[in-house]
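Everything on this sheet refers to the single structure shown next.
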Amino acid sequence: MEATQYPAHWEADVVLADGGTAHVRPIRPADGDRLRAFYSRLSAESIYFRYFGPRPRLSDREVTFFTNVDYVDRVALIATIGTEMVAVVRYDRVSPAEAEVAFLVEDAHQGRGVASVMLEHLAATARERGIETFIADVLPANMRMMGVLRQVGYTAQSRFADGVVRMTLDLTPTETSAEVTASREHRAEARSIARLLTPGSVAVIGASREPGGVGQTVLRNLLAADFTGPVYPVHREVRAVAGVRAYPSVKDIDGEVDLAVLAVPADSVIDVVKECAEKGVRGLVVVSSGFGETGPKGRARQDELASIARAYGLRVVGPNCLGIANTDPSVRLNATLAATVPGRGRVGFFSQSGALGTALLQRVAQRGIGISSFVSAGNRADVSGNDLLQYWEEDEATEVILLYLESLGNPRKFTRLARRISRSKPIVVVKSGGTTQGVPIGHSASALRLQDSALSSLFEQAGVIRVDDLIQLFDVGQLLACQPLPAGPRVGLVSNSDALGLLAVDACVSAELEPRPPVNLGATAGAAEFGTALAGVLADPDVDAAVVIYMPPIPGDARSVAAELVRVSRQAGKPVLATFEGQLGMPPELRTDPSALPERGSVPSYAAPEEAVRALAHVVRYALWRKQPPGAPPELDRLDTETAREIVASALTTAATDHQAATDHQPATDHQPATDHQPASEPRPAHHTSVTQETSAAPDTSAAPDPSAAQEPIAGQEPGAAEVISPGAASSDGERQGGETGTGPVEIDASELLACYGLTVWPSEVVATPEEAVGAAERLGWPVVLKAADPEAAKRAGTVRLGLTSAGAVRHAYADLAGQLGADVVLAVQRMAPQPAVPTVVNVLEDPAFGPVVSFGLGEVTARLLRDRGFRLAPLSGEDAAGLVRSVRAAPLLFGEYGYPPVAVGALEELLVRVGRLANDLPEVSRLDLDPVLVGESEVLVLGARAVLRSPEGPRRDGGPRRLA
């Protein structure tokens with residue numbers, strides 16, 4: 002086959018099993034010398050296993066053959082570290098759907114997981130080229146190669162014949178292969194962060210004698226923390242810094258260097274990174290500024306920093322960051338610009354802001370909260386919060402994770418990781434930029450498109466505790482770090498002040514907790530009274546947590562009271578919070594050991610009862626989420642995914658062909674945008690048209706428009722036909738959609754697509770005359786609705802006529818609408834849906850950051866105006882669907898409250914699961930609107946459905962083989 006263009010999208014930076022990095026890319030003809038050098042470093046055994054015999058060198062003809070591929074039938078990927086090739090993997094197609102595969106990894110890099118990650122990437126390229134099966138002939142002694150093929154998680158078969166084991170791999174992704182990939186990703190990324198946080202030695206490059214200088218500050222903080230390994234200042238001119246021998250270059254250091262902190266000018270960083278790579282440094286912390294935060298030139302320098310560091314096997318924290326710290330007594334690392342680092346504790350803390358990091362660490366220390374480790378990522382060119390989540394999940398010293406996020410580089414991966422990790426360790430997040438969804442200049446991340454309420458919904462789905470500000474971050478963090486999780490929302494109150502007790506009750510009610518009548522002990526109550534009262538409250542089986550308020554009007558024996566509170570709370574196994582003399586944090590007297598850092602069983606204190614209740618409410622919601630089963634997308638019947646893919650592919654192909662033909666025949670001086678409407682006189686078939694109807698019984702009441710979103714205009718078109726929407730059209734979330742993907746946007750009727758997922762759209766017919774309308778009504782069955790066929794026009798006031806029960810009524814309604822909308826208006830007839838029913842709206846949006854997102858809300862005008870909607874990432878489990886339905890404030894209307902009849906919520910949840918499956922299966926579905934969806938007493942009816950398709954440029958952000966963002 003003729004060679005295709007070099008597939009640059011196959012290139013990727015990857016993390017290996019030991020935490021190092023490599024670059025994977027397709028081989029090129031210019032790689033001949035690199036291939037020869039690689040081959041010269043191979044052992045005789047590796048060559049024998051690959052070629053089944055000795056082959057001391059490659060001929061020029063073989064080198065040419067191996068490096069010249071067509072990227073379709075013959076594909077080869079190589080892994081490089083620095084400038085050297087360390088592995089090559091290739092396939093050669095032997096039949097339309099089958100290819101022969103082979104690996105070769107340099108001996109020095111075997112056992113690092115190179116082959117397994119390259120197999121993931123080769124399998125992805127093969128599937129892209131239509132290959133479904135790999136075959137490999139392996140010598141019986143080559144156990145490592147057979148292990149790689151068997152352990153990847155694909156369906157594998159093997160047979161022995163003629164002294165060779167022939168292995169066959171079905172490349173269809175399986176649940177096992179996904180689990181294997183996720184497990185390997187987790188271990189690799191966790192180890193890459195462990196190499197940064199547990200170094201055996203540290204070099205500070207740019208450490209000068211200048212007092213207050215960045216490099217000297219980091220050096221002095223390392224020494225002051227009593228780092229357990231050697232510290233090497235690096236300065237090109239001086240012999241010593243802070244009394245420690247200095248070296249002119251990192252390469253001149255006698256011993257090994259595990260971590261290098263770079264405090265040199267930005268234009269010198271790249272050269273220093275290369276020196277560190279030559280030295281064998283395993284990780285970098287770049288505190289230098291002058292990168293992405295300074296503009297395009299600095300951003301280019303930042304991208305180059307990340308690219309070169311990863312290419313040489315290094316992970317990078319920063320640039321423009323505060324640094325990293327690890328309080329483990331066996332490490333005692335303070336490679337930060339902050340002189341104050343909290344003591345040892347159980348909280349892992351991540352902050353993207355370098356400037357804010359110092360203040361945050363001071364606040365943590367002031368509250369008496371200990372930390373296990375701290376990372377400030379700065380511009381996060383490489384290491385991000387996702388990497389730290391992987392590490393802290395494994396770290397036994399970390400029980401609570403606090404994140405201050407200014408941006409999300411890979412939001413879909415974040416939610417995937419958080420959903421798993423939150424099952425064992427709580428994650429508390431402050432996400433700034435909620436009103437703008439913007440990101441700070443310099444961050445290697447894009448602004449989020451989803452509205453902030455949608456982000457909160459997705460965090461809720463993942464079990465993430467999102468709080469509004471830094472005060473709440475620490476309020477919740479200290480509770481989680483010291484007290485057990487509550488079993489429910491029932492709160493006991495013990496106080497020595499009536500007024501403060503009532504404030505606590507009001508705060509509980511506002512936070513949707515269930516307060517019990519407060520126990521008021523009076524102003525003079527002492528330790529015995531508080532201990533007895535608290536023990537009695539905690540012994541009550543109808544109490545899940547307790548808030549104690551100790552605010553004596555005159556000084557008392559506070560230490561005795563505190564000791565009694567700690568003693569009782571440790572015996573109860575239920576969380577206890579206090580407002581103890583207005584103190585904030587973990588005061589020594591409320592610790593299990595007043596002379597040590599707070600341990601489990603210490604009682605957190607808050608300045609006011611409302612703050613304590615607010616923190617408790619966050620933890621209660623998290624505890625209830627954690628008690629729910631994790632759930633998985635259920636197996637569904639009546640699915641036809643192949644037909645669905647064919648529908649999508651056909652629509653995109655047809656639209657692209659029509660668009661190209663129109664472009665070829667259109668004069669360059671007379672360009673006009675494509676219209677969204679077909680001529681009204683064009684005949685239309687009487688099936689598969691998506692129209693909507695109102696649920697009100699008034700015959701001339703029309704659907705109210707949705708003012709909460711600027712809908713992407715999808716006009717009434719010939720059912721089943723595809724129409725190209727002009728690029729740059731606005732989506733319903735008000736964002737520009739053009740220019741992100743290949744083909745499209747293309748609008749289609751969604752009826753056939755939904756049918757592939759077991760969902761039926763309520764039938765309707767488009768009509769052009771009053772008699773056609775009467776005939777349609779007789780076929781569909783009385784009573785009927787007559788309305789504008791254009792879904793957008795149908796939302797305008799006065800465009801719907803309901804409850805038509807006779808031919809005369811239909812003719813009259815037709816004349817009425819034609820007079821109102823124009824004689825050439827296109828109308829539609831639809832049979833009235835059964836009543837009573839609650840109108841709802843279901844949408845799907847293919848978000849560039851999060852992937853497919855399913856949203857749900859009620860269709861009532863008030864719900865639309867208030868933007869009362871819930872959001873979940875697809876695919877949905879049954880638990881996700883149930884949570885989505887109940888997440889909207891108007892959900893009680895579905896459960897028989899406020900005079901509404903109870904409706905078929907179970908059927909609605911099944912519809913949401915099916916829509917989520919469609920969204921997950923078909924990334925080409927850029928938008929899907931089901932509006933309205935009527936939820937009746939026994940069934941759910943989709944009255945209107947429309948879709949916008951686009952051809953995606955590449956895999957989803959968290960899809961495909963492992964790669965660094």
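In this note's numbering, the protein residues as written are 2 to 966. Glycine is no exception: its CB is placed at the ideal position from the N, C-alpha and C atoms.
Residue j beta carbon less than 9 Å from that of residue i
{"i": "glutamine 353", "j": "arginine 420", "result": "no"}
{"i": "valine 288", "j": "valine 242", "result": "no"}
{"i": "leucine 859", "j": "leucine 895", "result": "yes"}
{"i": "alanine 378", "j": "glutamine 303", "result": "no"}
{"i": "glycine 48", "j": "valine 102", "result": "The question names glycine, but residue 48 in the sequence shown is isoleucine. No, Cβ-Cβ distance for isoleucine 48 and valine 102 is not below 9 Å."}
{"i": "glutamate 515", "j": "glycine 537", "result": "no"}
{"i": "alanine 482", "j": "glutamate 612", "result": "no"}
{"i": "valine 203", "j": "alanine 261", "result": "yes"}
{"i": "glycine 284", "j": "valine 251", "result": "no"}
{"i": "arginine 29", "j": "threonine 68", "result": "yes"}
{"i": "glutamate 394", "j": "leucine 418", "result": "yes"}
{"i": "alanine 822", "j": "alanine 769", "result": "Residue identity differs from the one stated: residue 822 is leucine in this sequence, not alanine. Contact flag unset, no."}
{"i": "proline 576", "j": "leucine 617", "result": "yes"}
{"i": "valine 332", "j": "proline 200", "result": "yes"}
Cβ-based burial, residue i [other Cβ within 10 Å; buried from 16]
{"i": "glutamine 673", "result": "Any answer about glutamine 673 is weak, because its pLDDT of 38 lies below 50 and its placement is not dependable; what the coordinates show is given next. Exposed, since its Cβ has fewer than 16 Cβ neighbours within 10 Å."}
{"i": "isoleucine 79", "result": "buried"}
{"i": "lysine 414", "result": "buried"}
{"i": "arginine 685", "result": "Any answer about arginine 685 is weak, because its pLDDT of 35 lies below 50 and its placement is not dependable; what the coordinates show is given next. It is buried - the Cβ of arginine 685 has at least 16 other Cβ atoms within 10 Å."}
{"i": "glutamine 391", "result": "buried"}
{"i": "tyrosine 7", "result": "exposed"}
{"i": "glutamine 738", "result": "At glutamine 738, the pLDDT of 35 sits below 50, so the modelled position is not reliable and the matter cannot be decided from this model."}
{"i": "aspartate 253", "result": "exposed"}
{"i": "phenylalanine 104", "result": "buried"}
{"i": "histidine 689", "result": "Caution is warranted here: a pLDDT of 37 is assigned to histidine 689, below 50, making its placement in the model unreliable, and the coordinate value is therefore given only provisionally. Its Cβ being crowded by 16 or more others within 10 Å, histidine 689 is buried."}
{"i": "glycine 464", "result": "buried"}
{"i": "isoleucine 555", "result": "exposed"}
{"i": "glutamine 836", "result": "exposed"}
Range of the contiguous alpha helix (DSSP H) that encloses residue i
{"i": "glycine 776", "result": "771–781"}
{"i": "alanine 126", "result": "One point to set straight first is that residue 126 is threonine, not alanine, in the sequence displayed. Run containing threonine 126: 115–129, per the alpha helix (DSSP H) assignment."}
{"i": "valine 181", "result": "176–198"}
{"i": "serine 939", "result": "Note, serine 939: premise wrong, no alpha helix (DSSP H); not H, not E."}
{"i": "methionine 971", "result": "No answer is possible for residue 971: the residues shown for the chain start at 2 and end at 966."}
{"i": "glutamate 257", "result": "Unbroken run through glutamate 257: none, as it is neither H nor E."}
{"i": "threonine 580", "result": "Note, threonine 580: premise wrong, no alpha helix (DSSP H); beta strand (DSSP E) at 577–581."}
Terminal residues of the beta strand (DSSP E) in which residue i lies
{"i": "histidine 24", "result": "22–27"}
{"i": "lysine 158", "result": "The identity of residue 158 in the sequence shown is glutamine, whereas the question assumes lysine. Taken as a continuous stretch (DSSP letters only), the beta strand (DSSP E) holding glutamine 158 covers 156–162."}
{"i": "valine 767", "result": "765–768"}
{"i": "isoleucine 132", "result": "Run containing isoleucine 132: none; DSSP gives neither H nor E here."}
{"i": "asparagine 844", "result": "838–848"}
{"i": "threonine 337", "result": "334–337"}
{"i": "leucine 357", "result": "Unbroken run through leucine 357 is the alpha helix (DSSP H), 355–368; no beta strand (DSSP E)."}
{"i": "arginine 870", "result": "870–874"}
{"i": "leucine 17", "result": "Segment: none, leucine 17 is in no beta strand (DSSP E) and carries neither H nor E."}
Integer Cβ distance of residue i from residue j, believed to fall under 8 Å
{"i": "leucine 885", "j": "phenylalanine 857", "result": "5 Å"}
{"i": "valine 429", "j": "isoleucine 466", "result": "5 Å"}
{"i": "valine 265", "j": "glycine 207", "result": "4 Å"}
{"i": "aspartate 499", "j": "serine 193", "result": "Going by Cβ atoms, the distance from aspartate 499 to serine 193 rounds to 56 Å, so no, they are not a contact pair."}
Decide yes or no for the touch test of the segment 454–463 against the segment 494–511: beta carbon pairs closer than 8 Å, at least 3 of them. At 8 Å Cβ cutoff, the stretches do not touch.
Should the segment 403–413 be regarded as contacting the segment 342–361, the criterion being three or more beta carbon pairs within less than 8 Å? The count of Cβ pairs closer than 8 Å, one atom from the segment 403–413 and one from the segment 342–361, reaches three, so the stretches are in contact.
Can you find at least 3 beta carbon pairs, one from the segment 936–951 and one from the segment 95–114, that sit closer than 8 Å? Taking 8 Å as the limit for Cβ pairs, the verdict is that the segment 95–114 does not touch the segment 936–951.
Tell me whether the segment 293–311 and the segment 178–190 touch, counting them as touching only if at least three CB pairs, one residue from each stretch, are closer than 8 Å. Contact between the segment 293–311 and the segment 178–190 is not established, with fewer than three Cβ pairs separated by less than 8 Å.
Below 8 Å, can you find three or more Cβ-Cβ pairs linking the segment 570–580 to the segment 549–561? Judged by Cβ distances under 8 Å, the segment 570–580 makes contact with the segment 549–561, as three or more pairs qualify.
The segment 593–607 in contact with the segment 562–579 per 3-pair CB rule at 8 Å: Judged by Cβ distances under 8 Å, the segment 593–607 makes contact with the segment 562–579, as three or more pairs qualify.
The segment 48–68 / the segment 8–22 touching (three or more Cβ pairs under 8 Å): No, the segment 48–68 does not touch the segment 8–22.
Would the segment 316–324 and the segment 274–289 be scored as touching if the rule is three or more Cβ pairs under 8 Å? Result yes; three or more Cβ-Cβ pairs closer than 8 Å.
Within 8 Å, do at least three Cβ pairs link the segment 109–125 to the segment 140–160? Output reads yes: the segment 109–125 touches the segment 140–160.
For the pair the segment 920–932 and the segment 827–845, tell me if three or more CB-CB distances fall below 8 Å. At 8 Å Cβ cutoff, the stretches touch.
Pairs of beta-carbons, one from the segment 295–302 and one from the segment 226–235, closer than 8 Å: are there three or more? The segment 295–302 is not in contact with the segment 226–235.
Cβ contact (3+ pairs, closer than 8 Å) linking the segment 468–478 and the segment 500–514: When C-beta atoms of the segment 468–478 are compared with those of the segment 500–514, fewer than three pairs fall below 8 Å, so the two segments do not count as touching.
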